[in-house]
Ligand code: 1PR
């Protein structure tokens, strides 16, 4: 955006700052701990109390309050009266609150000018609510289950619970207004009629399966039931659908609500040895201002020189390179199997550790299930569904067997059992693929999506099989899925994202434009 940024390394940097942006990701306690260790608490409190220009984002807003209850009572900066508490999921609300929601503005003339009627991106499980004591701080609220504080302001001190840096042009304009320089980017003054934000939108996610091709270049590929090679009579080559950063930016421009990168050979090469993938993330996050998720290879590993890396280090590297969420596949299956067998949480699995430090909203579990038909539910110890289309031998039921290593190995656990277990272990969202439907363009497996999204309290992303705009409206009207992810339909340029959204909107499904 053309501004000069300096990272704060000590209290002196805060004293000298002309404007301070405090972006926060992770757990309340981890942030407070880190601020304390770096001796920043007092400098921050003084800076804010002197009414100097401040913008706290997400956790950066939450820390202004008196306390947080994320892992027991932890004291915050105490600038704003009140505390940060968990959303109440007892009425079936999916927590974390992830996605694009509408704002209700409470003050005029602020950094939120121009936001009216538009969606902004939230990702959090904890929030503050308006009380008589903090009312004069409230700049905007939003509704998820109940009303909560979406933005605060007093004088020069601002905070947003949502992520302006991930809210597309709308969000970048908020940052520009706060920084007080330059033109705000061109955007219609008011949201167009019929395209006004009312509530949490259903998300449309573009997915890029990334791997090295036979020449060693990192390319976007796409499988058909997970087979990414073109088979000709003479040879087999990895399908090459384009460059990851170029495609990600064009999907952002087309209106994708999120972009997901799956490093599909990550189970072989650790991401830390896979620097091109980190570079892809860094480059993509310079151009794509919606959330980025990255998956593949998140696990503990020892490199060929005998150096051990924890999964937390692998994830940290992904986050530092620009990921907002990381997605765990194979390693989560092993963790769930162990958990179901022992009934004990060890706290040592990659899923638990990353979720503990970065918060569960930053951890997605990607499931790669394959449908297995059975004559009767009593044949298997896994949850089955009654299928609308019987199996090859007239079977009326099916279970969904989880796989690891990109679908290569079936495991003794069903998608239902896995989803419940990883939710307990700290997953914040489920990316629900389906090997049978992948790349077919015949629609999502609605029976699978319904089974899983009704089983868990965390958001579920339906994936695999989108081929027409109707498939998106079907999955949202027939299941409680929070998002729909697609790859081939967008890569093959069959249907642009904008058209999917127009269609969803006409079908009465809240959509971000
Ligand atoms: O096991 O932690 O290393 O993670 C590996 C990740 O890579 C997992 O998320 C796994 O789903 C993914 N993956 C591994 N192999 C493949 C493959 O295709 N050979 N891709 C693969 C998974 C499925 C979706 C796809 C949708 C939509 N691809 O991501 O994009 O099915 O496709 P469609 O709209 O074209 O039908 P780990």
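Numbering (full-length UniProt numbering), first residue to last: 1 to 513.
Quick reminder that beta carbons are idealized off the backbone N, C-alpha and C, glycines included.
Can you find a heavy atom of ligand 1 that lies under 6 Å from the Cβ of residue 91?
For the purposes of this step, residue 91 is taken as residue 91 along the chain shown, with counting starting at 1. Residue 91 Cβ: outside cutoff for every heavy atom of ligand 1.
So what's residue 60 in DSSP terms, helix, strand or just coil?
Here residue 60 refers to the residue found at position 60 when the chain shown is read from its first residue. It is helical.
Helix or strand or just coil, what does DSSP make of residue 314?
As a first step, residue 314 is located in the chain shown; it is residue number 314 there, counting from the start. In this structure, residue 314 counts as helix in the three-state DSSP scheme.
For residue 61, which option in 80, 421, 38 and 463 has the closest C-alpha, if you only look at C-alpha atoms?
Counting from 1 along the chain shown, the entry for residue 61 is found at position 61. Of the listed residues, the one whose Cα sits closest to residue 61 is 80.
Which runs of the alpha helix (DSSP H) spanning at least 4 residues fall entirely within the region 273 to 306, listed in chain order?
List check, alpha helix (DSSP H) in window: 275 to 287.
Select from 295, 337 and 427 the residue whose C-alpha is nearest the C-alpha of residue 358.
Within the chain shown, numbered from 1, the residue matching residue 358 stands at position 358. Residue 358 has its Cα closest to that of 427, out of 295, 337 and 427.
Taking just the CA atoms, how far does residue 385 sit from residue 396?
As a first step, residue 396 must be located in the chain shown, where it is residue number 396. As a first step, residue 385 must be located in the chain shown, where it is residue number 385. Between residue 396 and residue 385, the C-alpha separation is close to 9 Å.
Here's a check: name, in chain order, each residue in its chain whose Cβ is nearer than 7 Å to the Cβ of residue 473, leaving out the five neighbours to either side.
By 1-based counting over the chain shown, the position of residue 473 is 473. These residues qualify, in order along the chain: 503, 504, 507 and 509.
Does residue 252 come out as helix, strand or coil in the three-state DSSP assignment?
In the chain shown, the residue the question calls residue 252 occupies position 252. DSSP places residue 252 in helix when its eight states are reduced to three.
By DSSP's criteria, residue 73 is part of a beta bridge. Which residues make up the other side?
Numbered from 1 along the chain shown, position 73 holds the residue referred to as residue 73. Answer by DSSP bridge pairing: none, since residue 73 is not bridged.
Can you tell me the Cα-Cα spacing of residue 54 and residue 264, whole angstroms?
Translated into the one-based positions of the chain shown, residue 54 becomes position 54. Translated into the one-based positions of the chain shown, residue 264 becomes position 264. Answer to the nearest angstrom: the Cα atoms are 41 Å apart.
Please report the straight-line C-alpha distance between residue 143 and residue 40, rounded to a whole angstrom.
If you number the chain shown from 1, residue 143 lands on position 143. If you number the chain shown from 1, residue 40 lands on position 40. Distance between the alpha carbons of residue 143 and residue 40: 33 Å.
Quick one: is residue 90 buried, meaning 16 or more other Cβ sit within 10 Å of its Cβ, or exposed?
Locating residue 90 in the chain shown gives position 90, where the first residue counts as 1. Exposed, because fewer than 16 other Cβ atoms sit within 10 Å of the Cβ of residue 90.
Looking only at C-alpha atoms, which of 321, 74, 230 and 316 sits nearest to residue 31?
Numbered from its first residue, the chain shown carries residue 31 at position 31. Cα-wise, what sits closest to residue 31 is 74.
Once DSSP output is grouped into helix, strand and coil, what is the label at residue 3?
Taking the first residue of the chain shown as 1, we reach residue 3 at position 3. Three-state result, residue 3: coil.
Considering only DSSP beta bridges, list what residue 373 is partnered with.
To locate residue 373, count along the chain shown from 1; it is residue 373. Answer is 398, bridged to residue 373.
Going along the chain, which residues of its own chain have a beta-carbon closer than 6 Å to the beta-carbon of residue 174, five neighbours each way excluded?
Indexing the chain shown from 1 puts residue 174 at position 174. Closer than 6 Å at Cβ, skipping near neighbours: 111 and 164.
Per the contact definition of three or more C-beta pairs closer than 8 Å, is the region 231 to 239 in contact with the region 285 to 297?
The region 285 to 297 is not in contact with the region 231 to 239.
Using CA atoms only, rank isn't needed, just tell me which of 398, 59 and 101 is closest to residue 436.
In the chain shown, residue 436 corresponds to position 436, counting from 1. Answer by Cα proximity: 398.
What's the C-alpha gap between residue 318 and residue 279?
What you label residue 318 is simply residue 318 of the chain shown in a count that begins at 1. What you label residue 279 is simply residue 279 of the chain shown in a count that begins at 1. For residue 318 and residue 279, the distance between alpha carbons rounds to 10 Å.
What do you get for residue 148, buried or exposed, if any count of 16 or more other CB atoms within 10 angstroms of its CB means buried?
As a position in the chain shown, residue 148 is number 148, starting the count at 1. Looking at its Cβ environment, which holds 16 or more other Cβ atoms inside 10 Å, residue 148 is buried.
Determine the closest residue to residue 177 out of 197, 195 and 156, with distance taken between C-alpha atoms.
Sequence index remark: in the chain shown, residue 177 carries index 177 (1-based). Looking at the Cα atoms, 156 is the closest of the given residues.
Quick one: residues in its chain with C-beta nearer than 6 Å to the C-beta of residue 366, no 5 flanking neighbours on either side, listed in chain order?
Your numbering for residue 366 matches position 366 in the chain shown. Counting only Cβ-Cβ distances below 6 Å, and skipping sequence neighbours, we find 295, 327, 329 and 431.
Evaluate the contact criterion for the region 444 to 453 versus the region 464 to 484: three or more CB pairs, one atom per stretch, below 8 Å.
Yes, since at least three Cβ pairs between the region 444 to 453 and the region 464 to 484 fall closer than 8 Å, the two stretches touch.
Could you name the residues of the same chain whose beta carbon sits closer than 6 Å to that of residue 375, not counting the 5 residues immediately before and after it, in chain order?
In the chain shown, residue 375 corresponds to position 375, counting from 1. 395.
From residue 447 to residue 466, what distance separates their C-alpha atoms?
Locating residue 447 in the chain shown gives position 447, counting from the first residue. Locating residue 466 in the chain shown gives position 466, counting from the first residue. Approximately 15 Å between the Cα atoms of the pair.
Straight-line CA distance for residue 243 to residue 83?
Taking the chain shown and counting its residues from 1, one reaches residue 243 at position 243. Taking the chain shown and counting its residues from 1, one reaches residue 83 at position 83. Straight-line Cα distance between these residues: approximately 45 Å.
Please report how far the alpha carbon of residue 363 lies from the alpha carbon of residue 461, in whole angstroms.
Against the chain shown, residue 363 aligns to sequence position 363. Against the chain shown, residue 461 aligns to sequence position 461. Spanning the two alpha carbons is a distance of roughly 13 Å.
I'd like the span of the alpha helix (DSSP H) that includes residue 209, first residue to last.
For the purposes of this step, residue 209 is taken as the residue at position 209 of the chain shown. It is not in any alpha helix (DSSP H) - residue 209 instead sits in the beta strand (DSSP E) that spans 203 to 212.
Quick one, are the C-beta atoms of residue 254 and residue 5 less than 7 Å apart?
Within the chain shown, the letter at position 254 stands for residue 254. Within the chain shown, the letter at position 5 stands for residue 5. The answer is no: Cβ separation not under 7 Å.
Quick one, which of 26, 382, 97 and 224 has its alpha-carbon nearest residue 68's?
Position 68 of the chain shown, counted from the start, is the residue given in the question as residue 68. The shortest C-alpha separation from residue 68 is found at 26.
For the alpha helix (DSSP H) that contains residue 133, what are its first and last residues?
For this step, residue 133 is matched to residue 133 along the chain shown. Here residue 133 belongs to no alpha helix (DSSP H), and DSSP marks it neither H nor E.
Measure from the alpha carbon of residue 124 to the alpha carbon of each residue in 96, 221 and 71, then state which is nearest.
Along the chain shown, one-based indexing puts residue 124 at 124. Of the candidates 96, 221 and 71, the one whose C-alpha sits nearest the C-alpha of residue 124 is 96.
Could you tell me if the beta carbon of residue 310 falls within a distance shorter than 6 Å of some heavy atom in ligand 1?
As a working mapping, residue 310 is identified with position 310 in the chain shown. No, the Cβ of residue 310 stays beyond 6 Å of every heavy atom of ligand 1.
Short of 6 Å in beta carbon distance, which residues of its chain neighbour residue 213, apart from the five on each side in sequence? Order them along the chain.
Stepping through the chain shown from its first residue, residue 213 is reached at position 213. 219, 238 and 240, listed in sequence order.
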